[in-house]
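Numbers in the working numbering are just positions in the sequence shown, counted from 1, shifted up by 451.
Note that beta-carbon positions come from the ideal geometry of N, C-alpha and C, so glycine has one too.
Here is the structure we will look at, set down as structure tokens.
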Amino acid sequence: MAQLTDDCFAFSGPLLPVADMERMIVERIAPVTEVEPVALDDALGRIIAADVLATEDLPPFDNSAVDGFAVRHADLSAGAETRLVIAERVMAGHAAARPLAPHEAIRIFTGAPMPAGADTVFMQEDCRLDGGPQARPHSQPDRRPKPAVRRRGLRGHEVWQRDGWKRRRRRSG
């Protein structure tokens, strides 16, 4: 096989022993020992000197990642479509008035809190409406709970970024 002229692995010179390389690293690189407090927005590219704790839960609750229908996975038929009664409509900024009952669906919009009892969200494009108060999630070969639920994440007072990490995120919220 022909040798490429710009091959990053092609090196014809002598290799340095590992001990010599380690010595050169110690001689040429000095660790940072000072700590300088800066605002979070000014910390991009810097190394964090102490753990940064979250001030609140984010997101504060499980919520829908899509517009669709919140259902109980246990209510879904393994081999066919399942008809579910649409019991309520929940928009972002509002919560369901009551827990989801068996064989019901709740029309849910992106960002709305997951109703108690619901563990799966079907995208609206994956459901059929019967013209009345029923939704039919399309047949799914695996019938696993859907990933269209954003779970409650970071808890208040948990470590958001660790000591020694490089600050890379542009937004803190």
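Cβ-Cβ distance between residue i and residue j below 8 Å
i, j, result
"Val541", "Ala563", "yes"
"Met565", "Gly519", "no"
"Ala599", "Ala516", "yes"
"Arg606", "Ile499", "no"
"Asp513", "Arg587", "no"
"Arg523", "Asp570", "yes"
"Leu504", "Glu609", "yes"
Inter-residue CB distance, residue i and residue j (contact presumed, cutoff 8 Å)
i, j, result
"Ala521", "Ala552", "So it is not a contact: roughly 12 Å between Cβ atoms."
"Ala708", "Phe560", "Because the chain spans 452 through 624 in this model, residue 708 falls outside it and cannot be assessed."
C-alpha gap between residue i and residue j, whole angstroms
i, j, result
"Pro488", "Asp502", "13 Å"
"Glu473", "Pro465", "17 Å"
"Cys578", "Arg549", "23 Å"
"Asp581", "Ala529", "20 Å"
"Asp508", "Gly604", "7 Å"
"Thr643", "Ala546", "The chain is shown only over 452 to 624; residue 643 falls outside these bounds and no answer can be derived."
"Leu467", "Ala481", "21 Å"
"Ala479", "Val469", "Residue identity differs from the one stated: residue 479 is Arg in this sequence, not Ala. If I take the Cα positions, the gap works out to 15 Å."
"Arg558", "Gly615", "44 Å"
"Ser590", "His554", "Confidence in Ser590 is poor, its pLDDT being 47 and thus under 50, which makes the residue's placement unreliable; the coordinate value appears in the next sentence. The alpha-carbon atoms of Ser590 and His554 are separated by roughly 16 Å."
"Met475", "Val483", "17 Å"
"Val486", "Leu495", "15 Å"
- Task: Can you check the segment 487-519 for any alpha helix (DSSP H) of at least 4 residues that lies completely inside it and give the ranges in chain order?
- Result: Counting only runs of 4 or more, we get nothing.
- Could you pull out every unbroken beta strand (DSSP E) segment of at least 3 residues lying fully inside the segment 548-590, listed in chain order? When DSSP assignments are scanned along the segment 548-590, the uninterrupted stretches of beta strand (DSSP E) that are 3 or more residues long and fall wholly within it turn out to be 555-559, 571-574, 578-580, 585-588.
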